[in-house]
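Numbering (my numbering), first residue to last: 1368 to 1822.
All C-beta atoms, glycine included, are put in the ideal place defined by N, C-alpha and C.
Presented below is the structure to which this report refers.
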Amino acid sequence: MAKIPSSRYAVCLLASILINILLLTHQFRGWNQLSWSQTAAAEAEAVASISCSGHGRAYLDGLIVDGKPVCECNTCYQGPDCSEFISDCPADANSGDPLFLEPFWMQHPASSALLVAGWHRMSYIFNDHTYISQVLVNHIRKVHAIAKNAVTDGKNIVVGAGSTQLINAAVFALSSENSSYPTSVVATTPYYPLYKSQTDYFETSHFEFDGDTSLFKNNSEGLDVIEFVTSPNNPDGHLRKAVLQGPSVKTVNDHAYYWPYFTALPAPMDEDVMIFTISKLTGHAGSRFGWAIIKDEDVYERMVTYMDQAEMGISRDAQLRALKLLKVMLKDDGREIFDFGYKRMTDRWKRLNQIISLSKRFSLQEISPQYCNFLNKIREPSPAYAWLKCEREEDTDCTAVLRAANIIGRKASVFNADSHYVRLSLLKSQDDFELLLYRLNELVTKEYGADHQSM
Ligand code: PMP
1368 MAKIPSSRYA
1378 VCLLASILIN
1388 ILLLTHQFRG
1398 WNQLSWSQTA
1408 AAEAEAVASI
1418 SCSGHGRAYL
1428 DGLIVDGKPV
1438 CECNTCYQGP
1448 DCSEFISDCP
1458 ADANSGDPLF
1468 LEPFWMQHPA
1478 SSALLVAGWH
1488 RMSYIFNDHT
1498 YISQVLVNHI
1508 RKVHAIAKNA
1518 VTDGKNIVVG
1528 AGSTQLINAA
1538 VFALSSENSS
1548 YPTSVVATTP
1558 YYPLYKSQTD
1568 YFETSHFEFD
1578 GDTSLFKNNS
1588 EGLDVIEFVT
1598 SPNNPDGHLR
1608 KAVLQGPSVK
1618 TVNDHAYYWP
1628 YFTALPAPMD
1638 EDVMIFTISK
1648 LTGHAGSRFG
1658 WAIIKDEDVY
1668 ERMVTYMDQA
1678 EMGISRDAQL
1688 RALKLLKVML
1698 KDDGREIFDF
1708 GYKRMTDRWK
1718 RLNQIISLSK
1728 RFSLQEISPQ
1738 YCNFLNKIRE
1748 PSPAYAWLKC
1758 EREEDTDCTA
1768 VLRAANIIGR
1778 KASVFNADSH
1788 YVRLSLLKSQ
1798 DDFELLLYRL
1808 NELVTKEYGA
1818 DHQSM
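Written out as structure tokens, the structure reads:
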């Protein structure tokens, strides 16, 4: 065997040592680069690892007791680790808190976590002198493209502090400034109550809330009208179309629930003013982030002016959070999260129907199976809310009937509807939903007991 000369051996050894030193310094530099984020990451993981028995969670900004963040328990659970069920606790189906998606995000802790540097976007403006991240706008367009629920091409996007703010911005932008009468703002009963409450609250000489569309059906000619169309509708989950037409009628299409979890998506919507919200897309209602897709340049400019006057744009932190969440959604073209939410909501609707179908006293809204462009098949309904009816004539206050059975629903009068109805939220946490089913089951079982006695 040929011998390696000792000088060549020494050169090889030196080179190998040098390479190793280089690699090690590079690695250390890498560690150093990560060092400022490690404390924040450790803090976040420590809070996330606090066990709240699956019936609560601890937050970074929650209360600290004995130097440790405490569990914030789901309704009807208590104790230091939320493990105690409060047995006579009412099932609260009142609010539209979209916590049904919380388990999805808990299954994706790494991809959805966000670390924000202390100096992140301190300025009032982005580098392009706007108040909105163009990268975020592009991601919003992509989400609509994958969900196949709205056409964004050739349209502008304006963002707001939740769609709540955009609803008012749209009323300002669409109301006529030159007319001697205020523009009438209307919606079809049962309608989402904020259209009335907000329009009343912010009323100016340019607009006022004037109730149900039926009052304008045959005599809207010449009158300036803004019609809110909620599709699918809150509270009854039906897909809706504008009722009023004419040159002086403007339509605001509130598509908060036009996502695969809650409805069939028969086609991408291509309307002039469409409003969406992250609250019902990713479930992050607390981030207060919504957007409007606007066709007309002038209406867009007026909405932007409203946002500039009210807010100087939306919090850059909320925009960053929204971007991160949309990125996770887009990773697999939304298949995973839409599938997760769709399965959860269809399961809830099926189980609720099984119970209510046994009752003669109560009924649920009927929604027909329909072709869904996203799922590419006919799909069963899975609305965000049950619009429950008390069938007995004497049950004139359905909310009170349910309250007596330890169930809290939202009363129909706030939707301008007959009080034989009550809205029950189906998109809250699994704990809330299970308790709702349990109490409804008790109520329906009692009805059967009473029927037997009267026989
Ligand atoms: N529109 C409809 C129909 C809603 O149900 C809601 C919330 N429940 C909103 C708008 C407001 O949503 P956010 O302000 O959270 O975006």
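- Within the DSSP secondary-structure output, residue 1436 pairs in a beta bridge with 1431.
- Judged by DSSP in its simplified three-state form, residue 1451 adopts strand.
- Going by DSSP, residue 1672 is part of the alpha helix (DSSP H) stretching over 1664 to 1678.
- With 6 angstroms as the limit, the residues whose C-beta approaches a heavy atom of ligand 1 more closely than that are 1463, 1529, 1530, 1531, 1559, 1597, 1601, 1621, 1623, 1644, 1646, 1652 and 1657, in chain order.
- Residue 1532 sits in a helix when the DSSP states are folded into three classes.
- With contact defined as three or more Cβ pairs closer than 8 angstroms, the stretch 1461 to 1479 and the stretch 1645 to 1652 are in contact.
- For the pair residue 1410 and residue 1427, the CB atoms are nearer than the 8 angstroms cut-off.
- The closest CA to that of residue 1797, considering only 1513, 1614, 1773 and 1469, is found on 1469.
- Of all alpha-carbon atoms in 1434, 1760 and 1653, the one lying nearest the alpha-carbon of residue 1528 is that of 1653.
- If the five residues before and after residue 1559 are omitted, its C-beta is found closer than 6 angstroms to the C-beta atoms of 1597 and 1601, all from its own chain and listed in chain order.
- By the criterion of a C-beta distance shorter than 8 angstroms, residue 1608 is surrounded in its chain by 1596 and 1598, once the five residues flanking it on both sides are discounted.
- Annotation for residue 1579: the continuous beta strand (DSSP E) segment containing it runs 1574 to 1579.
- Around residue 1449, the same chain offers 1419, 1420, 1422, 1423, 1438 and 1440 as residues with beta carbons nearer than 6 angstroms, after the five sequence neighbours per side are excluded.
- Looking at the DSSP output, residue 1644 sits in a beta bridge with 1657.
- Measuring C-alpha to C-alpha distances from residue 1713 to each of 1730, 1750, 1672 and 1642 identifies 1750 as the nearest.
- Residues 1488 of the same chain have their beta carbon placed closer than 6 angstroms to that of residue 1683, with the five preceding and five following residues left out of the count.
- Boundaries cannot be given for residue 1628, as no alpha helix (DSSP H) includes it and DSSP labels it neither H nor E.
- If you check the CB distance, residue 1500 and residue 1686 come in under 8 angstroms.
- Secondary structure of residue 1778 (DSSP, three-state): strand.
- Looking at the backbone, the Cα of residue 1554 and that of residue 1604 are separated by about 15 angstroms.
- If you check the CB distance, residue 1635 and residue 1515 come in under 8 angstroms.
- Annotation: the continuous beta strand (DSSP E) that includes residue 1597 extends over 1592 to 1597.
- Counting along the chain, the unbroken alpha helix (DSSP H) around residue 1706 starts and ends at 1702 to 1723.
- In its chain, beyond the 5 residues on either side, no residue has a beta carbon closer than 7 angstroms to the beta carbon of residue 1521.
- Judged by beta-carbon spacing, residue 1753 lies within the 8 angstroms limit of residue 1791, meaning their Cβ atoms are closer than that value.
- In the DSSP assignment, the residues bridged to residue 1738 are 1745.
- One alpha carbon belongs to residue 1563, the other to residue 1407, and they sit about 44 angstroms apart.
- According to the DSSP assignment, residue 1477 belongs to the alpha helix (DSSP H) that extends over 1476 to 1479.
- Here DSSP, grouped into helix, strand and coil, assigns residue 1482 to coil.
- Taking each of 1482, 1415 and 1446 in turn and checking the Cα distance to residue 1404, the smallest one comes out for 1482.
- Bounds of the alpha helix (DSSP H) holding residue 1692 are 1683 to 1697.
- With contact defined as three or more Cβ pairs closer than 8 angstroms, the stretch 1733 to 1747 and the stretch 1619 to 1633 are in contact.
- By the beta-carbon neighbour count (other beta carbons within 10 angstroms, threshold 16), residue 1725 is exposed.
- Inclusion of residue 1549 and residue 1583 in the CB contact set at 8 angstroms is not warranted, their separation being larger than that value.
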